[in-house]
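Undergrad:
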Amino acid sequence: MGVKVPLRIKIVGCLDVVVEDPEKALKVLLLGLDSCSPTRIYIEEVNPLKAS
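In this text, residue positions in the sequence shown follow our numbering: the first is 36, and each later residue adds one.
1) Can you tell me whether DSSP reads K39 as helix, strand or coil?
2) Taking only three categories from DSSP, how would you classify E58?
3) Contact criterion: CB-CB distance below 8 Å. Does I44 meet it with respect to chain C?
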């Protein structure tokens, strides 16, 4: 396919979560979406070459 770009997913609601695994982010959303309204999701690319 194409080049996989690492993503950082931040879920902001009653419980703030930052994950880099999309599957884990989906589980967090499915488990917490009902009780965390409004929930916002921010997705950004992670540049592995950039120093933190």
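C-beta: ideal position from N, C-alpha, C; glycine also.
TA: Put simply:
1) coil
2) helix
3) Within the model displayed, chain C is absent; a lone protein chain is all it includes.
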